[in-house]
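Trainee: Going left to right, the sequence shown walks through residues 2 to 387 as my numbering numbers them.
Next up is a structure, given as structure tokens.
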Amino acid sequence: MSLLAIVLYLVEFVRGAALISFLPIYGKNALGLDLDVIGVAITAHYLTDTAVKLAIGYLMHHLSVRLLVSGGLVLSLAGILFIGYAYSPWMFITASALYGVGISPIWIVCLTKVRENRRATQMGVLYTIWLVGLGTGPAVTNFTLERSDDLTYWIMVAVSGAAWLLSLFIPHASHAEVDYVPFRRQLALLGDRLREMNLLLPGMVLQTLAAGMLVPILPSFAEGHLGLSHSQYSLLLLIGGGCTAAGLIPMGRLSDHLGKKWFLVVGFVLFGLALCALTGMTTLGLAFAWAFVLGAAYAAVLPAWNALLAAYVPPGQQGLGWGVFSTVEGVGGLIGPSLGGVLATSFGESTVVRLAGGIFILISLFYLLFPFRMFRGEGAAGDTAR
Numbered sequence: 002m003s004l005l006a007i008v009l010y011l012v013e014f015v016r017g018a019a020l021i022s023f024l025p026i027y028g029k030n031a032l033g034l035d036l037d038v039i040g041v042a043i044t045a046h047y048l049t050d051t052a053v054k055l056a057i058g059y060l061m062h063h064l065s066v067r068l069l070v071s072g073g074l075v076l077s078l079a080g081i082l083f084i085g086y087a088y089s090p091w092m093f094i095t096a097s098a099l100y101g102v103g104i105s106p107i108w109i110v111c112l113t114k115v116r117e118n119r120r121a122t123q124m125g126v127l128y129t130i131w132l133v134g135l136g137t138g139p140a141v142t143n144f145t146l147e148r149s150d151d152l153t154y155w156i157m158v159a160v161s162g163a164a165w166l167l168s169l170f171i172p173h174a175s176h177a178e179v180d181y182v183p184f185r186r187q188l189a190l191l192g193d194r195l196r197e198m199n200l201l202l203p204g205m206v207l208q209t210l211a212a213g214m215l216v217p218i219l220p221s222f223a224e225g226h227l228g229l230s231h232s233q234y235s236l237l238l239l240i241g242g243g244c245t246a247a248g249l250i251p252m253g254r255l256s257d258h259l260g261k262k263w264f265l266v267v268g269f270v271l272f273g274l275a276l277c278a279l280t281g282m283t284t285l286g287l288a289f290a291w292a293f294v295l296g297a298a299y300a301a302v303l304p305a306w307n308a309l310l311a312a313y314v315p316p317g318q319q320g321l322g323w324g325v326f327s328t329v330e331g332v333g334g335l336i337g338p339s340l341g342g343v344l345a346t347s348f349g350e351s352t353v354v355r356l357a358g359g360i361f362i363l364i365s366l367f368y369l370l371f372p373f374r375m376f377r378g379e380g381a382a383g384d385t386a387r
């Protein structure tokens, strides 16, 4: 688990660096690409990522963990290397798509290693590693981008290479602890899961749609609207990400004790209001203050949301279960970046940020009216909160 956790951190470091900083900034400033092309490239990344998630249950049963993880990571390394030579829109999009192939296996494998008697602790650790990696990647690369695009590119290549090399030390006999489920049975189970949690589906898609809309436009929004340098943008990300990382464990404990509903309602409405407020910011201090609110809101939402999903993962079918949920959430992630890029090209980055904020507020209202008593994972301790 420790080795997998290190590999997960390195993978998420590069993912954050690439998607949140390098692709949008390098694509716009160095290659002169429009935001709609950058959005399509990020969508291509999520498309290949989602395609692997669809097949993850089958792959985990037939391949060793080492082969699955290392094979994916070498393809992702090839994608990162290709980005440095992607001088046209189609090459840029293809490189981003290739990079997305190897992201899913390490995360799903880590989830299957979580022990039932230590689920809360180990899930908290995994999400902290994921968040720290996703946050430190763009924070570091935003500083290095002020010095050199080449330096940033080679840092991403080096970290991707290190993740792949470490994956070769995973024991050859290591297999994910999942039951074999024939493909037809998997489809039937998929249908059962989706029918059982059909009321959760709109929130799953909308929240990743809104978040995906922000990915290709955040750096240009920070630079053009907020007037931030790359290093100041890094500081903004560190404030928000640090607040989230610090709040994950205490917020998770509170949501277990008090119930998930109000953590989702309050968390999403604060997130949406903070995004809308950022579009009216004229001072650096206020922008940093709203970044703090964004981080606290995300810390409230993430443990409650994933605990709700975890209640629907059948024992022994973690690969299938988490693959299904990740795929459904990925629908919004597929649409969001392209939509955000097109809207930003036509109406400006501030419009996209306000629209995303409005969607998060709408999601909050959805969970306010949501019948939580119908769903698993909400015991008596949480009923008083509803």
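Using N, Cα and C, we set each Cβ at its ideal position, and we do this for glycine too.
Using 8 angstroms as the cut-off, can you tell me whether the stretch 210-224 makes contact with the stretch 248-261, which would need three or more C-beta pairs spanning the two stretches below that distance?
Mentor: No contact exists between the stretch 210-224 and the stretch 248-261.
Trainee: I need the DSSP call for Gly-40, collapsed to helix, strand or coil.
Mentor: Working through the sequence shown from its first residue, we reach residue 40 at position 39. Three-state DSSP puts Gly-40 in a helix.
Trainee: Keeping to the same chain, check which residues put their C-beta closer than 7 angstroms to that of Ile-104; ignore five residues upstream and five downstream.
Mentor: Position 103 of the sequence shown holds residue 104. Result list for Ile-104: Val-12, Arg-16, Asp-50 and Ser-77, in chain order.
Trainee: So what does DSSP say about Ser-221, is it helix, strand or coil?
Mentor: On the sequence shown, residue 221 is found 220 positions in, with the first residue counted as 1. Helix at Ser-221.
Trainee: What's the C-alpha gap between Gly-333 and Arg-254?
Mentor: In the sequence shown, counting from the first residue as 1, residue 333 sits at position 332. In the sequence shown, counting from the first residue as 1, residue 254 sits at position 253. Between Gly-333 and Arg-254, the C-alpha separation is close to 28 angstroms.
Trainee: Using only the alpha-carbon positions, how far apart do Gly-281 and Leu-4 sit?
Mentor: One-based indexing of the sequence shown puts residue 281 at position 280. One-based indexing of the sequence shown puts residue 4 at position 3. The straight-line gap from Cα to Cα measures roughly 44 angstroms.
Trainee: Would you call the stretch 56-68 in contact with the stretch 86-96, where contact means no fewer than 3 C-beta pairs closer than 8 angstroms?
Mentor: At 8 angstroms Cβ cutoff, the stretches do not touch.
Trainee: Can the beta-carbon of Ser-365 be found closer than 8 angstroms to that of Ala-305?
Mentor: Reading the sequence shown from its first residue, position 364 is the one you call residue 365. Reading the sequence shown from its first residue, position 304 is the one you call residue 305. No.
Trainee: How many Å lie between Gly-359 and Ile-336 at the Cα?
Mentor: On the sequence shown, position 358 is the one that residue 359 refers to. On the sequence shown, position 335 is the one that residue 336 refers to. Whole-angstrom Cα-Cα distance: 17 angstroms.
Trainee: Tell me whether Thr-51, by its Cβ, gets closer than 7 angstroms to a heavy atom of the ligand SAH.
Mentor: Summarising the ligand content, the structure contains no ligands, and the ligand SAH is consequently not present.
Trainee: Should Leu-24 be labelled buried (16 or more other beta-carbon atoms within 10 Å of its own) or exposed?
Mentor: Here the question's residue 24 lines up with position 23 in the sequence shown. Buried is the call here.
Trainee: Quick one: Cα of Ala-292 to Cα of Ala-56, how far?
Mentor: If you number the sequence shown from 1, residue 292 lands on position 291. If you number the sequence shown from 1, residue 56 lands on position 55. Roughly 37 angstroms between the two C-alpha positions.
Trainee: What does the alpha-carbon distance come out to for the pair Tyr-88 and Ala-278?
Mentor: Mapped onto the sequence shown, residue 88 falls at position 87. Mapped onto the sequence shown, residue 278 falls at position 277. When rounded, the distance between both Cα atoms is 37 angstroms.
Trainee: Excluding sequence positions up to five away, which residues of its chain have a Cβ less than 7 angstroms from the Cβ of Tyr-27?
Mentor: Stepping through the sequence shown from its first residue, residue 27 is reached at position 26. Excluding sequence neighbours, Tyr-27 sits near Asp-150.
Trainee: Starting from the C-beta of Gly-204, find all residues in its chain whose C-beta is less than 7 angstroms away, skip the five residues before and the five after it, and write them out in chain order.
Mentor: Numbered from 1 along the sequence shown, position 203 holds the residue referred to as residue 204. Ile-364, Phe-367 and Tyr-368.
Trainee: For Gly-40, which residues from the same chain have a beta carbon less than 6 angstroms from its beta carbon, with the 5 sequence-adjacent residues on both sides left out?
Mentor: For the purposes of this step, residue 40 is taken as the residue at position 39 of the sequence shown. The answer, listed in chain order, is Pro-217, Pro-338, Ser-339, Gly-341 and Gly-342.
Trainee: With DSSP as the reference, label Met-157 as helix, strand or coil.
Mentor: Against the sequence shown, residue 157 aligns to sequence position 156. Helix at Met-157.
Trainee: Identify whether Lys-29 lies in helix, strand or coil by the three-state DSSP scheme.
Mentor: On the sequence shown, position 28 is the one that residue 29 refers to. In the structure shown, Lys-29 sits in a helix (DSSP, three-state: H, G or I).
Trainee: On the criterion of 16 or more Cβ atoms from any shown chain inside 10 Å, does Gly-101 qualify as buried, or is it exposed?
Mentor: Counting from one through the sequence shown, the residue named residue 101 turns up at place 100. Flag for Gly-101 reads buried.
Trainee: Leaving aside the five residues before and after Val-302 along the sequence, list all residues of the same chain whose C-beta is less than 8 angstroms from its C-beta, in chain order.
Mentor: Locating residue 302 in the sequence shown gives position 301, where the first residue counts as 1. Closer than 8 angstroms at Cβ, skipping near neighbours: Phe-264, Leu-265, Gly-268, Phe-269 and Phe-272.
Trainee: Could you check if Arg-196 is buried or exposed, using at least 16 other CB atoms within 10 Å of its CB as the buried criterion?
Mentor: The sequence position of residue 196 within the sequence shown is 195, counting from 1. So Arg-196 counts as exposed.
Trainee: Determine whether the beta carbon atoms of Tyr-234 and Ala-223 lie at a separation below 8 angstroms.
Mentor: As a position in the sequence shown, residue 234 is number 233, starting the count at 1. As a position in the sequence shown, residue 223 is number 222, starting the count at 1. The answer is yes: Cβ separation under 8 angstroms.
Trainee: Beta-carbon within less than 8 angstroms of Thr-145's beta-carbon, same chain only, minus the 5 sequence neighbours each way: which residues are those?
Mentor: Against the sequence shown, residue 145 aligns to sequence position 144. Hits under 8 angstroms: Leu-152, Thr-153 and Ile-156.
Trainee: Three-state secondary structure (DSSP) at Gly-380?
Mentor: Start at 1 with the first residue of the sequence shown, and residue 380 comes out as number 379. Bear in mind that a pLDDT of 44 at Gly-380, under 50, signals an unreliable position, so the number given afterwards is only what the model happens to contain. The answer is coil: DSSP assigns Gly-380 none of H, G, I, E or B.
Trainee: Look at the alpha carbon of Leu-166 and the alpha carbon of Trp-131, and state the distance between them as a whole number of angstroms.
Mentor: To locate residue 166, count along the sequence shown from 1; it is residue 165. To locate residue 131, count along the sequence shown from 1; it is residue 130. Those two C-alpha atoms are separated by around 19 angstroms.
Trainee: Would Thr-129 and Leu-249 be called neighbours here (beta carbons separated by less than 8 angstroms)?
Mentor: Taking the first residue of the sequence shown as position 1, residue 129 is located at position 128. Taking the first residue of the sequence shown as position 1, residue 249 is located at position 248. For Thr-129 and Leu-249, yes; Cβs fall inside 8 angstroms.
Trainee: Along the alpha helix (DSSP H) that carries Ala-257, what are the first and last residues, could you check?
Mentor: As a first step, residue 257 must be located in the sequence shown, where it is residue number 256. This sequence places Asp at residue 257; Ala is not what is there. It spans 231-259 - the alpha helix (DSSP H) in which Asp-257 sits, taken as one unbroken run.
Trainee: Output needed for Thr-142: all residues of its chain with C-beta closer than 6 angstroms, excluding positions within five of it in sequence on either side, in chain order.
Mentor: Taking the first residue of the sequence shown as 1, we reach residue 142 at position 141. Same-chain partners within the cutoff: Ala-18, Ser-22, Phe-23 and Thr-153.
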